[in-house]
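Visitor: Throughout, the numbering used here is defined as the position within the sequence shown, counted from one, plus 801. Here a beta-carbon is modelled for each residue, glycine too, at the ideal position from N, C-alpha and C. For clarity, every value in this text was computed on a predicted model and none was experimentally measured. This structure is in structure tokens; I'll ask about it shortly.
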Amino acid sequence: PDAMAGPTPVSALIHAATMVTSGIYLIARSNVLFEIVRASGATIIGSLTSPDLVAYIGAATALVAGLIAFTQFDIKKVLAYSTVSQLGFMIAAVGMGAYVAGMFHLITHAFFKGLLFLAAGSVIHGMEHGHHHLARDGYHDEHDTFDPQDMRTMGALRDKMPWTFWTYLIGALALAGIVPFAGFWSKDEILAHANDHNVIVYWVLGIAAFCTAFYMGRQVKMVFFGLSRHKAADHAQESVPTMVVPLVILAVLATLGGLLNFPNISFGAAAESHAVAEAGESAGFNLALEHWLEHSITSFELSEEGVVHMPHTPTSLVWVVAGVSTVLALLAIAGSFFGLYRKRPESAGDTDPLPGVPVIGPFIWWFRILPFETLYMKTVIPAFKWLARWFAETVDWAFWHDFVHNNIIRDLFVGGAKFVANSIDAQGVDGLVNGAGSMTRRLANVLRLSQSGYARTYALGVFLGAVVLLAYFLWPVLF
802 PDAMAGPTPV SALIHAATMV TSGIYLIARS NVLFEIVRAS GATIIGSLTS PDLVAYIGAA
862 TALVAGLIAF TQFDIKKVLA YSTVSQLGFM IAAVGMGAYV AGMFHLITHA FFKGLLFLAA
922 GSVIHGMEHG HHHLARDGYH DEHDTFDPQD MRTMGALRDK MPWTFWTYLI GALALAGIVP
982 FAGFWSKDEI LAHANDHNVI VYWVLGIAAF CTAFYMGRQV KMVFFGLSRH KAADHAQESV
1042 PTMVVPLVIL AVLATLGGLL NFPNISFGAA AESHAVAEAG ESAGFNLALE HWLEHSITSF
1102 ELSEEGVVHM PHTPTSLVWV VAGVSTVLAL LAIAGSFFGL YRKRPESAGD TDPLPGVPVI
1162 GPFIWWFRIL PFETLYMKTV IPAFKWLARW FAETVDWAFW HDFVHNNIIR DLFVGGAKFV
1222 ANSIDAQGVD GLVNGAGSMT RRLANVLRLS QSGYARTYAL GVFLGAVVLL AYFLWPVLF
């Protein structure tokens, strides 16, 4: 959420693709390790296994981030916390062993979350155009603190920006999990698997799904319906085709993306995957995405007895869970549209009616006031700063710089340099060169004695040489 200050297309990219893929993909590709741990029966605390812990963390993330999204008025921050919530769904899925369902939701989420962010950018662009129009006409209000991303300054934009409205509505319905949009198929597959494998995760994710539908209905109502709450909204206009065409393309994908893993559809694949055929078991559902991913993501689970079996959620259960979640999503949307936000807020200064709800209000107070103003800003941030200061002063400076660098690295380097300079260079290399010169000089001093400059010395040398030669040649004859 803190990255929302950047350009909206960048937000669309990191929230639809790059940011959300790494952790989910890593766990999905590590599925063999998770299944080995699951089959071994190894636990962390009591009966809690590490895959179960991953699932619980994902479910808690989905719910907490969904509740935080209730409190946001920034159009992009609502979507940002929604991304965190949907990441919780994916983490919970892969933690429960539903690797294909987690990857399926990751793909469909890329479609509708990219659509929502780009459509939000179109809304912001339209609001800024309206504000510039007011400035051009001479409108000035010294008390006007206009924020083009504040949903409290919007309203009634569906008539002024019809293309943006309809595409945004498709993305919101897909995120809320309304049939037949892409989010319905992927989210409900996760819920069905949770209902069959972990009831606690199922209930937490079910509440999170209700929250998702509610805050998306709240957002659509505040942005596109009701009365315009700022003069800039009165002068907003539809974005240019270069911005609208990508919205239409993503809206089509957000609508038809569920076909990637639609039950009983096979894109040229056999009725059973190769792995299932070898195991001699029927898959029940012929899921196309599962067939595509079978070489990198296992379609089996290992039991504690070491037996390989195909994870299977009954078809009837899938449709029951899907029906229940759809009804809850529709109730959440209806509650936001025709309940709390039927008439409010009517102006940017109106308070949000959500904290006044007896059941939801305490949660809104908790996530809006306590964690971020008291618990987070006054405990987490100071603790993090203290830890960072301790690492900087103690670990980095005192230990690494003063002790390791000065006493070990520096002394070792200086000692080694002195040894190389004094022993190897001065005595070895220089000694060899200087020794050769000294030997040459000494030999020259000896040979210099034979060059005295006196004729008698040279005559004596000639005589002695002749004697030596005669002795050499006459020795064999005489003896």
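Round the Cβ separation of A1037 and H930 to the nearest angstrom and send it over; I've been treating them as touching at under 8 angstroms.
Guide: Reading the sequence shown from its first residue, position 236 is the one you call residue 1037. Reading the sequence shown from its first residue, position 129 is the one you call residue 930. That belief holds up - the Cβ atoms of A1037 and H930 are roughly 6 angstroms apart, short of 8 angstroms.
Visitor: Are any of the Cβ atoms in chain B nearer than 8 angstroms to that of F1015?
Guide: Looking for chain B here will not work: only one protein chain is present.
Visitor: At which residues does the alpha helix (DSSP H) containing A948 begin and terminate?
Guide: In the sequence shown, counting from the first residue as 1, residue 948 sits at position 147. Correcting the residue identity first, residue 948 is Asp in this sequence and not Ala. No alpha helix (DSSP H) holds D948; DSSP gives it neither H nor E.
Visitor: Within the same chain, show all residues whose beta-carbon is closer than 6 angstroms to that of V811, passing over the 5 residues directly before and after it, in chain order.
Guide: Numbered from 1 along the sequence shown, position 10 holds the residue referred to as residue 811. Excluding sequence neighbours, V811 sits near nothing in its chain.
Visitor: Is the stretch 1015-1030 touching the stretch 956-973 in the sense that three or more CB pairs, one from each, lie closer than 8 angstroms?
Guide: These segments touch.
Visitor: Report the option in L1048, P1277 and M897 whose CA atom is closest to the CA atom of I828.
Guide: Stepping through the sequence shown from its first residue, residue 828 is reached at position 27. If we check each option's Cα against that of I828, M897 comes out closest.
Visitor: Pull up the CB-CB distance for F890 and A863, whole angstroms please, since I reckon it's below 8 angstroms.
Guide: Within the sequence shown, the letter at position 89 stands for residue 890. Within the sequence shown, the letter at position 62 stands for residue 863. Confirmed, about 5 angstroms.
Visitor: Cα-Cα, which of A995, A1123, L814 and L1129 is closest to F1015?
Guide: As a working mapping, residue 1015 is identified with position 214 in the sequence shown. Checked all of A995, A1123, L814 and L1129; the closest Cα to F1015 is L1129.
Visitor: Which class does I846 belong to by DSSP, given the choice of helix, strand or coil?
Guide: Here residue 846 is taken as the residue at index 45 of the sequence shown, counted from 1. I846: strand per DSSP, three-state reduction.
Visitor: For D875, name the three-state secondary structure that DSSP assigns.
Guide: Position 74 of the sequence shown, counting from 1, holds the residue named residue 875. Looking at D875 - three-state DSSP - the assignment turns out to be strand.
Visitor: According to DSSP, is M962 part of a helix, a strand, or is it coil?
Guide: Taking the first residue of the sequence shown as 1, we reach residue 962 at position 161. Three-state DSSP puts M962 in coil, outside helix and strand.
Visitor: For S1224, which residues from the same chain have a beta carbon less than 7 angstroms from its beta carbon, with the 5 sequence-adjacent residues on both sides left out?
Guide: Stepping through the sequence shown from its first residue, residue 1224 is reached at position 423. Closer than 7 angstroms at Cβ, skipping near neighbours: no residue.
Visitor: What are the boundary residues of the alpha helix (DSSP H) that includes V1021?
Guide: Locating residue 1021 in the sequence shown gives position 220, where the first residue counts as 1. Here the alpha helix (DSSP H) through V1021 covers V1000 to F1025.
Visitor: What did DSSP end up calling F1280 once you bin it into helix, strand or coil?
Guide: Sequence index remark: in the sequence shown, residue 1280 carries index 479 (1-based). Reduced to three states, the DSSP call for F1280 is coil.
Visitor: Return the first residue and the last residue of the alpha helix (DSSP H) that M820 is part of.
Guide: The sequence position of residue 820 within the sequence shown is 19, counting from 1. Element bounds for M820: M820 to R830.
Visitor: Check this for me: beta carbons of A911 and A818, under 8 angstroms apart or not?
Guide: As a working note, residue 911 is residue 110 in the sequence shown. As a working note, residue 818 is residue 17 in the sequence shown. Contact flag set, yes.
Visitor: For the alpha helix (DSSP H) holding A1033, just list the boundary residues, first then last.
Guide: On the sequence shown, position 232 is the one that residue 1033 refers to. First-last of the alpha helix (DSSP H) with A1033: K1032 to D1035.
Visitor: Is it true that the CB of M952 sits closer than 8 angstroms to the CB of G927?
Guide: Position 126 of the sequence shown holds residue 927. Position 151 of the sequence shown holds residue 952. In this structure, M952 does not lie closer than 8 angstroms to G927 by Cβ.
Visitor: State the DSSP-derived secondary structure class of M904, mapped to helix, strand or coil.
Guide: Within the sequence shown, numbered from 1, the residue matching residue 904 stands at position 103. M904 falls in the helix class under three-state DSSP.
Visitor: Write down the C-beta distance between A1055 and I991 rounded to the nearest angstrom, noting that I regard them as a contact closer than 8 angstroms.
Guide: One-based indexing of the sequence shown puts residue 1055 at position 254. One-based indexing of the sequence shown puts residue 991 at position 190. The Cβ separation is near 17 angstroms, so there is no contact.
Visitor: Taking H994 and A856 to be in contact with their CB atoms under 8 angstroms, please state how far apart those CB atoms are, rounded to whole angstroms.
Guide: Position 193 of the sequence shown, counting from 1, holds the residue named residue 994. Position 55 of the sequence shown, counting from 1, holds the residue named residue 856. The Cβ separation is near 10 angstroms, so there is no contact.
Visitor: Tell me whether N1235 sits in a helix, a strand or coil according to DSSP, three-state version.
Guide: Reading the sequence shown from its first residue, position 434 is the one you call residue 1235. DSSP places N1235 in helix when its eight states are reduced to three.
Visitor: Could you check what DSSP says for Q1252 in three-state terms: helix, strand or coil?
Guide: The residue labelled residue 1252 in the question sits at position 451 within the sequence shown. If DSSP states are grouped into helix, strand and coil, Q1252 belongs with coil.
Visitor: Below 7 angstroms CB to CB, which residues in the same chain sit around A1133 once its five sequence neighbours on both sides are set aside?
Guide: The sequence position of residue 1133 within the sequence shown is 332, counting from 1. The residues are F1011, A1014, F1015 and G1018.
Visitor: Would you call the CB atoms of R1030 and G956 closer than 8 angstroms?
Guide: The sequence position of residue 1030 within the sequence shown is 229, counting from 1. The sequence position of residue 956 within the sequence shown is 155, counting from 1. Result yes, Cβ atoms of R1030 and G956 sit closer than 8 angstroms.
Visitor: Could you tell me the distance, in whole angstroms, from the CA atom of M820 to the CA atom of I1209?
Guide: Counting from one through the sequence shown, the residue named residue 820 turns up at place 19. Counting from one through the sequence shown, the residue named residue 1209 turns up at place 408. Rounded to the nearest angstrom, the two C-alpha atoms are 41 angstroms apart.
Visitor: Could you check the C-alpha separation between R1257 and L1271 for me, to the nearest Å?
Guide: For this step, residue 1257 is matched to residue 456 along the sequence shown. For this step, residue 1271 is matched to residue 470 along the sequence shown. Going by the C-alpha atoms only, they are around 21 angstroms apart.
Visitor: When you compare only the Cα positions, how much space is there between P1183 and R1190?
Guide: Residue mapping note: residue 1183 aligns to position 382 of the sequence shown, counting from 1. Residue mapping note: residue 1190 aligns to position 389 of the sequence shown, counting from 1. Spanning the two alpha carbons is a distance of roughly 10 angstroms.
Visitor: Going by beta carbon distance, what residues of the same chain come within less than 7 angstroms of H1206, once the five residues before and after it are set aside?
Guide: Reading the sequence shown from its first residue, position 405 is the one you call residue 1206. If we look at H1206 and ignore the five residues flanking it on each side, it has no Cβ neighbours.
Visitor: Which value, in whole angstroms, describes the spacing of the CA atoms of L907 and K1179?
Guide: As a first step, residue 907 must be located in the sequence shown, where it is residue number 106. As a first step, residue 1179 must be located in the sequence shown, where it is residue number 378. Those two C-alpha atoms are separated by around 35 angstroms.
Visitor: Do D989 and V1122 count as a contact pair if the criterion is CB distance below 8 angstroms?
Guide: Residue 1122 sits at position 321 when you count from the first residue of the sequence shown. Residue 989 sits at position 188 when you count from the first residue of the sequence shown. Taking 8 angstroms as the Cβ cut-off, V1122 and D989 qualify as a contacting pair.
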